[in-house]
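S.K.: Quick one: structure below, then a few questions.
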Amino acid sequence: MNTATKRVIYQNSNSYETLNNKSENSLNHWFAFHGMGYLSRYFLKYFKGMEPQSNYIVAPQAPSKYYQGPDFKHVGASWLTREDTIAETQNVLNYIDAVFAAEALDPARLILMGYSQGVSIVCRWMASRKIQPKMLVLHSGGIPVELKPEDFAYLDPDTPVYYIYGDKDQYITPEKLLDQKQRGESLFDNRLRIRTFEGTHEVHTGILNDLANKS
21 MNTATKRVIY QNSNSYETLN NKSENSLNHW FAFHGMGYLS RYFLKYFKGM
71 EPQSNYIVAP QAPSKYYQGP DFKHVGASWL TREDTIAETQ NVLNYIDAVF
121 AAEALDPARL ILMGYSQGVS IVCRWMASRK IQPKMLVLHS GGIPVELKPE
171 DFAYLDPDTP VYYIYGDKDQ YITPEKLLDQ KQRGESLFDN RLRIRTFEGT
221 HEVHTGILND LANKS
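Residue 235, in my numbering, is where the sequence shown stops; the numbers in between run on with no holes.
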């Protein structure tokens with residue numbers, strides 16, 4: 021018996037969520053990528069403490085949804101797995117392109133943010149599309165190993181890159197933390213700024229609010 025993997029191209033659609041209204045008073049256009057297990061509408065709760073007139077938030081939705089827990093009542097989503105990663109990455113990046121174009125986000129106001137699994141997605145999209153934001157926020161996730169310093173050579177030297185993590189994060193071992201710091205310094209040089217908080221693998225709204233006010 022012969023088996024073969026084949027591929028088709030088809031049209032698809034996917035949702036995304038926004039918070040607040042975009043206007044001339046919106047100083048920050050957040051493009052925020054959730055972690056594994058989230059739905060984008062629930063991820064927006066971490067941004068509700070920001071000043072609404074100044075912050076417009078767009079949260080793309082990871083396409084692969086699944087039931088969580090033994091009772092199968094809660095739905096989560098994942099951006100990528102190790103299965104068919106190259107093709108799936110291109111699908112995800114094309115979807116992000118469509119959201120970015122539909123929202124007409126202003127690069128001069130743009131804050132790119134990824135949490136947990138969302139870190140790998142925002143880094144890949146930013147590098148492949150040569151997006152120049154006013155700030156990059158990498159929160160409690162892993163920078164993709166395939167990215168090289170030349171992928172971010174286009175970035176303005178003054179663009180701040182924040183790496184945020186909890187000091188008790190159960191997924192960030194001392195070895196992983198050292199690796200992420202070294203990788204971040206290699207890719208972003210002295211743009212990189214480390215922010216640590218007391219806590220586990222969780223979104224730290226206080227730091228995000230602080231960054232919103234500084235930007």
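Cβ atoms here follow ideal geometry from the backbone N, Cα and C, with glycine treated the same way. Just so you know, these numbers come straight off a predicted model, no measurement behind them.
1. So, are the CB atoms of E44 and S60 less than 7 Å apart?
2. Below 8 Å on the Cβ atoms is my contact criterion, and I expect Q137 with G55 to pass it. Report the Cβ-Cβ distance as a whole number of Å.
3. Who are the near neighbours of C18 in its chain, counting only those whose CB is closer than 8 Å to its CB and skipping five residues on each side?
4. Three or more C-beta pairs under 8 Å: does that hold for the region 66–81 against the region 117–132?
5. If you draw a straight line from the C-alpha of D189 to the C-alpha of H224, how long is it?
6. The ligand NAP and T38: does any heavy atom of the ligand fall closer than 6 Å to the residue's C-beta?
7. Would you kindly work out how many angstroms separate the C-alpha atoms of P72 and L132, rounded to a whole number?
8. Using 8 Å for Cβ pairs, my map puts P180 next to M146. What's the rounded Cβ distance?
9. Work out the CA separation of N48 and R129 for me, nearest whole Å.
10. Are the beta-carbon atoms belonging to Y182 and R203 less than 7 Å from one another?
11. Out of curiosity, what's the CA-to-CA distance linking N114 and P83?
12. Taking the alpha helix (DSSP H) that A121 belongs to, which residues open and close that run?
13. Please classify I141: is it buried, with 16 or more other beta-carbons within 10 angstroms of its beta-carbon, or exposed?
14. When we look at the beta-carbon of V139 and count the other beta-carbons within 10 Å, is it buried (16 or more) or exposed?
15. In the DSSP output, which residue or residues are listed as bridge partners for H158?
16. Taking only three categories from DSSP, how would you classify V142?
17. Which first and last residues belong to the alpha helix (DSSP H) in which P80 is found?
M.R.: So, from the data block:
1. Sequence index remark: in the sequence shown, residue 44 carries index 24 (1-based). Sequence index remark: in the sequence shown, residue 60 carries index 40 (1-based). In this structure, S60 does not lie closer than 7 Å to E44 by Cβ.
2. Residue numbering aside, residue 137 sits at position 117 when the sequence shown is read from its first letter. Residue numbering aside, residue 55 sits at position 35 when the sequence shown is read from its first letter. Right, the Cβ-Cβ distance comes to about 5 Å (below 8 Å), so this counts as a contact.
3. Look at the range of the chain in this structure, 21 to 235, and you will see that residue 18 is not part of it.
4. With the cut-off at 8 Å, the region 66–81 and the region 117–132 touch.
5. By 1-based counting over the sequence shown, the position of residue 189 is 169. By 1-based counting over the sequence shown, the position of residue 224 is 204. Distance between the alpha carbons of D189 and H224: 12 Å.
6. In the structure on display, the ligand NAP does not appear, and there are no ligands present to speak of.
7. One-based indexing of the sequence shown puts residue 72 at position 52. One-based indexing of the sequence shown puts residue 132 at position 112. Between P72 and L132, the C-alpha separation is close to 18 Å.
8. The residue given as residue 180 occupies position 160 in the sequence shown. The residue given as residue 146 occupies position 126 in the sequence shown. Not really, about 14 Å apart at Cβ, beyond 8 Å.
9. Position 109 of the sequence shown holds residue 129. Position 28 of the sequence shown holds residue 48. Straight-line spacing of the CA atoms in R129 and N48 works out to 5 Å.
10. Taking the first residue of the sequence shown as 1, we reach residue 182 at position 162. Taking the first residue of the sequence shown as 1, we reach residue 203 at position 183. Not closer than 7 Å, so no.
11. Here residue 114 refers to the residue found at position 94 of the sequence shown. Here residue 83 refers to the residue found at position 63 of the sequence shown. C-alpha separation (whole angstroms): 12 Å.
12. Within the sequence shown, residue 121 is the residue found at index 101, counting from 1. Here the alpha helix (DSSP H) through A121 covers 105–123.
13. As a working mapping, residue 141 is identified with position 121 in the sequence shown. Looking at its Cβ environment, which holds 16 or more other Cβ atoms inside 10 Å, I141 is buried.
14. The residue labelled residue 139 in the question sits at position 119 within the sequence shown. In summary, V139 is buried, with 16 or more beta-carbon neighbours lying within 10 Å of its beta-carbon over all protein chains present.
15. Residue numbering aside, residue 158 sits at position 138 when the sequence shown is read from its first letter. Here residue 158 turns out to be Leu, not His, going by the sequence shown. Answer is G134, Y183, bridged to L158.
16. Looking up residue 142 in the sequence shown gives position 122. If DSSP states are grouped into helix, strand and coil, V142 belongs with the helices.
17. Here residue 80 corresponds to residue number 60 of the sequence shown, with the count starting at 1. For P80, no alpha helix (DSSP H) encloses it; the enclosing beta strand (DSSP E) starts and ends at 75–80.
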